[in-house]
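Undergrad: Be aware that the sequence shown starts at 6, since it is given in my numbering, and climbs by one per residue.
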Amino acid sequence: MLFTFSRRTLLLSTTTVLAFGLISPAAQADIPDTDYQPVLAHLLGTVMPPKLDEFHDATKELTAEFKDFCNDPDAGGLEDTQSAFHAAMDIWQEIQPWRMGPLVANGRDQHIEYWPDKHGTAARQFRKLMFDKPSAYTDPEKLSGASAALQGFPALEEVLFAGDHGDQMIAADEDGVFLCQYGTAIATNLGTLSGELQDEWPAFATAMENAGPDSMDYPTAKFAATDLYRALHEGLLIISSQKLARPLGDSAEDARAGRAESPLAERSLRNIEHNLIGLFAIYDGKWGEVGEEGKGLADLIDNSLLDRSFRLNWQTVEDTFAELPPSVAEVLEQSDGYATLSDFKGQIDFLTMLVENDVGGNTQLGGGFNALDGD
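1) Which of helix, strand or coil does DSSP assign to residue 206?
2) For residue 336, does the count of other Cβ atoms within 10 angstroms reach 16, so buried, or fall short, so exposed?
3) Out of curiosity, what's the CA-to-CA distance linking residue 332 and residue 183?
4) When the Cα atoms are used, what is the spatial distance from residue 197 to residue 180?
5) By how many angstroms is the C-alpha of residue 35 removed from the C-alpha of residue 157?
6) Using DSSP's beta-bridge definition, name the partner residues of residue 296.
7) Between which two residues does the alpha helix (DSSP H) containing residue 43 stretch?
8) Out of 37, 44, 128, which has the shortest C-alpha to C-alpha gap to residue 304?
9) Closest to residue 253 by CA distance: which of 350, 324, 240 is it?
10) Would you call the region 54 to 73 and the region 86 to 100 in contact, with 3 or more CB pairs under 8 Å?
11) At the level of alpha carbons, what is the spacing between residue 46 and residue 76?
12) Under three-state DSSP, which class holds residue 368?
13) Output yes or no for whether 9 Å exceeds the beta carbon distance between residue 83 and residue 191.
14) Please report the Cβ distance between residue 210 and residue 49, rounded to the nearest whole angstrom; I am assuming they are in contact, meaning their Cβ atoms lie under 8 Å.
15) For residue 187, collect the residues of the same chain with a Cβ closer than 6 Å to its Cβ; drop the 5 residues on either side in sequence, then sort them by chain order.
16) So what's residue 272 in DSSP terms, helix, strand or just coil?
17) The alpha helix (DSSP H) that contains residue 115, what's its start and end?
18) In terms of residues, what are the limits of the alpha helix (DSSP H) holding residue 35?
19) Could you check how far apart the C-beta atoms of residue 290 and residue 300 are, in whole angstroms? I think they sit under 8 Å.
20) Quick one: what's got a C-beta closer than 7 Å to residue 247's C-beta in the same chain, skipping five residues either side?
21) Consult DSSP for residue 85 and reduce its assignment to one of helix, strand or coil.
22) Within its chain, find whatever has a CB closer than 8 Å to the CB of residue 127; leave out the 5 residues flanking it on each side and keep chain order.
23) Residues in the same chain with beta-carbon distance under 8 Å from residue 357, minus the five sequence neighbours each way, listed in chain order, please.
24) Three-state secondary structure (DSSP) at residue 97?
25) Identify the continuous alpha helix (DSSP H) that holds residue 338 and give its terminal residues.
26) Can you tell me the Cα-Cα spacing of residue 386 and residue 236, whole angstroms?
27) Secondary structure at residue 197, three-state DSSP: helix, strand or coil?
28) In this structure, how does DSSP classify residue 56 when only helix, strand and coil are distinguished?
29) CA-CA distance, residue 355 and residue 78?
30) Is it right to say residue 314 is buried, meaning 16 or more other beta carbons lie within 10 angstroms of its own, or is it exposed?
31) Starting from residue 247, follow the alpha helix (DSSP H) in both directions and report where the run begins and ends.
32) According to DSSP, is residue 103 helix, strand or coil?
33) For residue 16, collect the residues of the same chain with a Cβ closer than 8 Å to its Cβ; drop the 5 residues on either side in sequence, then sort them by chain order.
34) Please classify residue 328: does DSSP put it in a helix, a strand, or coil?
35) Can you tell me whether residue 266 is helix, strand or coil according to DSSP?
36) Helix, strand or coil for residue 347, going by three-state DSSP, please let me know.
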C-alpha cells in the first residue's frame with residue numbers, strides 16, 4: 006500500500022498543535038474584515054482570469070482540431086483531436102472545483118461536464134441520438150439548448166474514445182460523418198461556454214472584492230470569502246465521495262471502474278490530480294505561473310506550524326500521485342489496487358479534516374457544515 010494511517014499521524018494536525026498549546030481558534034480575536042479583501046482580490050481578480058483565458062484557448066484549439074480532423078480524417082488527426090481533448094479537460098478539471106459565480110450560473114458547470122450520471126441518462130440519450138441522427142445536434146447553437154447530458158466533455162469523450170467511433174469517423178461512413186459533425190458542435194459549444202465564463206467573471210470578481218455594507222449581495226468581505234472556503238472544502242468532499250467512493254463501491258467485489266469519472270478516456274485519476282492543483286491554488290494563492298505563494302487563504306492563517314503541516318500533508322497526496330497511473334481501471338487491475346485506492350481516499354479524507362479544523366478554524370470561515378448538504 007502506498008499510504009498508511011501511521012504515516013499520516015506523523016504530520017501535524019489541529020490536535021497536535023492544540024496539544025502544544027500553540028493556538029486555539031476559539032481564543033483568536035476576530036479577523037478584521039479588511040484582511041479578507043486582499044485574499045478575494047488576489048484569488049478572484051488576479052489568479053482566476055488567466056486560467057479562464059487558458060480554458061477558452063484550449064476549447065478553441067479543440068474545435069480547430071476537430072474541424073481539421075473531420076475535413077480530412079485519418080488516424081493521426083484522431084490522435085491530435087484526442088490530445089486536444091485531454092489538454093482542455095486538464096484545465097477544466099483545475100477550474101471545476103471553484104464552483105461559484107459564473108461557473109455554476111444557469112447550470113453552466115453541468116453543461117460543460119454532466120457528471121456524475123447516476124442513472125445512465127447520457128448513455129440512453131446517446132443511443133437514441135445515434136439511431137435518429139437529428140441534424141439539430143450538429144448545430145452548436147441548437148445543441149446549447151439540448152439536454153446537458155448530450156453536451157460537454159462526457160459526450161465528447163463518447164464520440165472520441167468509445168468503441169469503434171474513431172474508426173467510423175476515419176472511414177467517414179454514415180455514423181462517422183454524424184459523429185464528426187456532432188463532436189465539432191460539442192467542441193464549438195464548449196468554446197462558447199468558456200467564452201461566457203471569460204466575459205462574466207470580471208463583474209463577479211469585482212462584486213466579491215467590493216463586498217461590504219454598500220453591497221446588496223455580499224454584506225462583508227468575510228461573507229464573500231466563505232465561498233472560497235466552501236470551494237476548497239466541497240472540492241475535497243467531491244473527490245472522496247464521488248470520484249473515489251463511487252468506483253470503489255462497498256467492497257473490492259463491488260468496485261466498478263466504469264463508475265469513475267472519464268472512464269472511456271482513461272483519465273479518472275488524472276482528473277483528480279488536476280482538481281487538486283486548482284484547489285491548492287485557493288489555499289496557497291499560486292496556480293502554476295499565475296499568482297503569488299501565500300496570498301490565498303493561507304494569508305489568513307497566522308501560524309507557520311499549521312501552514313507547514315497543511316502543506317506537508319498536501320505534498321503527501323501529490324507524492325502518491327507520482328506512483329499512480331491516470332485511471333482507476335488501471336489501479337483496480339493490480340492485486341492490491343483496491344487497497345491502494347482506499348488508502349488514497351483516506352489521504353483525501355485527512356486533508357478534508359485539516360481543511361475543516363485547521364483552515365476553517367484559523368481563517369474563521371468554517372462553520373462545521375457539510376458543503377454538499379446545501380447549507
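Yeah, the Cβ is synthetic: ideal placement off N, Cα and C, and Gly gets one too.
The model shown is predicted, which means the values in this text are computed figures rather than measured ones.
TA: In terms of the structure at hand:
1) Counting from one through the sequence shown, the residue named residue 206 turns up at place 201. DSSP places residue 206 within a helical segment (H, G or I) once states are collapsed to three.
2) Position 331 of the sequence shown, counted from the first residue, corresponds to residue 336. Label assigned to residue 336: buried.
3) As a first step, residue 332 is located in the sequence shown; it is residue number 327 there, counting from the start. As a first step, residue 183 is located in the sequence shown; it is residue number 178 there, counting from the start. Straight-line Cα distance between these residues: approximately 29 Å.
4) Stepping through the sequence shown from its first residue, residue 197 is reached at position 192. Stepping through the sequence shown from its first residue, residue 180 is reached at position 175. Their Cα atoms are separated by approximately 26 Å.
5) On the sequence shown, position 152 is the one that residue 157 refers to. On the sequence shown, position 30 is the one that residue 35 refers to. So the alpha carbons of these two residues sit roughly 43 Å apart.
6) Within the sequence shown, residue 296 is the residue found at index 291, counting from 1. Assignment of beta-bridge partners to residue 296 by DSSP yields 291.
7) In the sequence shown, residue 43 corresponds to position 38, counting from 1. Element bounds for residue 43: 38 to 45.
8) As a first step, residue 304 is located in the sequence shown; it is residue number 299 there, counting from the start. Ranking the options by Cα distance to residue 304, first place goes to 44.
9) Reading the sequence shown from its first residue, position 248 is the one you call residue 253. For residue 253, the nearest C-alpha among the options comes from 350.
10) yes
11) As a working note, residue 46 is residue 41 in the sequence shown. As a working note, residue 76 is residue 71 in the sequence shown. In this model, residue 46 and residue 76 are separated by some 45 Å (Cα to Cα).
12) Taking the sequence shown and counting its residues from 1, one reaches residue 368 at position 363. In this structure, residue 368 counts as helix in the three-state DSSP scheme.
13) Taking the first residue of the sequence shown as 1, we reach residue 83 at position 78. Taking the first residue of the sequence shown as 1, we reach residue 191 at position 186. No, the pair does not count as a contact, with Cβ atoms beyond the cut-off.
14) Residue mapping note: residue 210 aligns to position 205 of the sequence shown, counting from 1. Residue mapping note: residue 49 aligns to position 44 of the sequence shown, counting from 1. Sure, about 4 Å apart at Cβ, within 8 Å.
15) Stepping through the sequence shown from its first residue, residue 187 is reached at position 182. Only 142, 143 meet the Cβ criterion.
16) Here the question's residue 272 lines up with position 267 in the sequence shown. Coil.
17) For the purposes of this step, residue 115 is taken as the residue at position 110 of the sequence shown. Per DSSP, residue 115 is one residue of the alpha helix (DSSP H) stretching across 113 to 117.
18) Taking the first residue of the sequence shown as position 1, residue 35 is located at position 30. Careful: residue 35 lies outside any alpha helix (DSSP H) and carries neither H nor E.
19) Stepping through the sequence shown from its first residue, residue 290 is reached at position 285. Stepping through the sequence shown from its first residue, residue 300 is reached at position 295. Yes, residue 290 and residue 300 are in contact; Cβ-Cβ is about 3 Å, under 8 Å.
20) Against the sequence shown, residue 247 aligns to sequence position 242. So the qualifying residues of the chain are 121.
21) For the purposes of this step, residue 85 is taken as residue 80 along the sequence shown, with counting starting at 1. Of the three classes helix, strand and coil, the one that applies to residue 85 here is helix, per DSSP.
22) Walking along the sequence shown from the start, residue 127 turns up at place 122. The answer, listed in chain order, is 119, 154, 155, 159, 160, 163.
23) Here the question's residue 357 lines up with position 352 in the sequence shown. Once the five neighbours on either side are set aside, the close Cβ partners of residue 357 are 238, 241, 242, 245.
24) Counted from its first residue, the sequence shown places residue 97 at position 92. Helix.
25) Position 333 of the sequence shown holds residue 338. Taken as a continuous stretch (DSSP letters only), residue 338 belongs to no alpha helix (DSSP H), as it is neither H nor E.
26) Missing from the structure shown is residue 386; the chain here goes from 6 to 380 and no further.
27) Walking along the sequence shown from the start, residue 197 turns up at place 192. Residue state, collapsed to three classes: helix.
28) Within the sequence shown, residue 56 is the residue found at index 51, counting from 1. In this structure, residue 56 counts as helix in the three-state DSSP scheme.
29) Mapped onto the sequence shown, residue 355 falls at position 350. Mapped onto the sequence shown, residue 78 falls at position 73. Cα to Cα, residue 355 sits roughly 48 Å from residue 78.
30) Within the sequence shown, numbered from 1, the residue matching residue 314 stands at position 309. Only buried fits residue 314, as 16 or more other CB atoms lie within 10 angstroms of its CB.
31) Working through the sequence shown from its first residue, we reach residue 247 at position 242. It is not in any alpha helix (DSSP H) - residue 247 carries neither H nor E in the DSSP assignment.
32) Indexing the sequence shown from 1 puts residue 103 at position 98. Helix at residue 103.
33) As a working mapping, residue 16 is identified with position 11 in the sequence shown. With a pLDDT of 49 at residue 16, under the threshold of 50, the predicted position of this residue should be treated as unreliable, and no value is reported.
34) On the sequence shown, residue 328 is found 323 positions in, with the first residue counted as 1. Residue 328 sits in coil when the DSSP states are folded into three classes, being neither helix nor strand.
35) Within the sequence shown, numbered from 1, the residue matching residue 266 stands at position 261. DSSP places residue 266 in coil when its eight states are reduced to three.
36) Taking the sequence shown and counting its residues from 1, the one referred to as residue 347 is at position 342. It is helical.
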